[in-house]
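Undergrad:
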Amino acid sequence: MEAHGTFATASCTLCGKMHNSNKVKQAIIEGDIPMCEATNCKGKVKPDIVFFGENLPPSFWDYHQHIHFTDLLLIIGTSLEVYPFAGIADAVGTQTPRVLINLNAVGSLGRRTTDVILTGDLEESVHSLVRELGWEEKLKALEKVYESKQINEE
Numbered sequence: 001m002e003a004h005g006t007f008a009t010a011s012c013t014l015c016g017k018m019h020n021s022n023k024v025k026q027a028i029i030e031g032d033i034p035m036c037e038a039t040n041c042k043g044k045v046k047p048d049i050v051f052f053g054e055n056l057p058p059s060f061w062d063y064h065q066h067i068h069f070t071d072l073l074l075i076i077g078t079s080l081e082v083y084p085f086a087g088i089a090d091a092v093g094t095q096t097p098r099v100l101i102n103l104n105a106v107g108s109l110g111r112r113t114t115d116v117i118l119t120g121d122l123e124e125s126v127h128s129l130v131r132e133l134g135w136e137e138k139l140k141a142l143e144k145v146y147e148s149k150q151i152n153e154e
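Take the sequence shown: its letters are residues 1 to 154, numbered as in full-length UniProt numbering.
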């Protein structure tokens, strides 16, 4: 679950049309406001992330239906200070392993015997975990799928 959305996709704030996230990112870097390319739409395009003050996506609230089936919880890059998201870490069963990948330890992580905390640079920590688990080829395959999706959107 990406509670605060993702930079991997971007859409129009008015009509919802999906746009190439790389183009949107580049426009933002250049100081431009990305505008919707749909006919007769004057909406602005933004990454599909939740900004401060915006509501969480409706799909976020589905976690209650799935939390009891969780066999591993990965928590990456968060302060765990803002609710309701912060409460998810404690909502999983006490025997469910919780892995925190973050600059530093946060929340209640580290109190359970099944907790694992990897501190440091997020990207380096994720790549280290991927290597340790032998998932390097799977990650490369996912990266290729993502890259081809971006090319097809252009």
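The beta-carbon is built from N, C-alpha and C at its ideal position, and this holds for glycine as well.
Since this is a predicted model, take the numbers as computed values, not measurements.
In this structure, does DSSP put valine 145 in helix, strand or coil?
TA: helix
Undergrad: Report buried or exposed for phenylalanine 85, applying the criterion of at least 16 other Cβ atoms within 10 angstroms of its Cβ.
TA: buried
Undergrad: Mind checking whether asparagine 104 and threonine 78 have CB atoms under 8 Å apart?
TA: Taking C-beta atoms as the reference points, asparagine 104 and threonine 78 fail to come closer than 8 Å.
Undergrad: Apply the 10 Å Cβ neighbour rule to valine 92 and answer buried if 16 or more other Cβ atoms are within range, or exposed otherwise.
TA: buried
Undergrad: Given this structure, state the Cα-to-Cα distance separating threonine 119 from tyrosine 146, to the nearest angstrom.
TA: 27 Å
Undergrad: CA-CA distance, histidine 19 and serine 59?
TA: 20 Å
Undergrad: Using a Cβ distance threshold of 8 Å, determine whether the stretch 30 to 43 contacts the stretch 60 to 69, with at least three qualifying pairs required.
TA: no
Undergrad: Ignoring anything shorter than 4 residues, give me the alpha helix (DSSP H) runs that lie fully in the UniProt domain "Deacetylase sirtuin-type" (1 to 136), in order along the chain.
TA: 21 to 29, 63 to 66, 88 to 91 and 122 to 133
Undergrad: CA-CA distance, asparagine 40 and isoleucine 76?
TA: 39 Å
Undergrad: Taking 7 Å as the limit between beta carbons, can you name the residues of its chain near valine 130, skipping five residues before and five after?
TA: Glu136 and Leu139
Undergrad: Express the C-alpha separation of valine 99 and threonine 114 in angstroms, rounding to a whole number.
TA: 9 Å
Undergrad: One question on the structure: do isoleucine 117 and glycine 110 come within less than 8 Å of each other, judged by their Cβ atoms?
TA: Annotated as proximal: isoleucine 117 and glycine 110, with beta-carbon spacing under 8 Å.
Undergrad: Could you check whether lysine 42 and alanine 10 sit closer than 8 Å to each other, using their CB atoms as the reference points?
TA: No.
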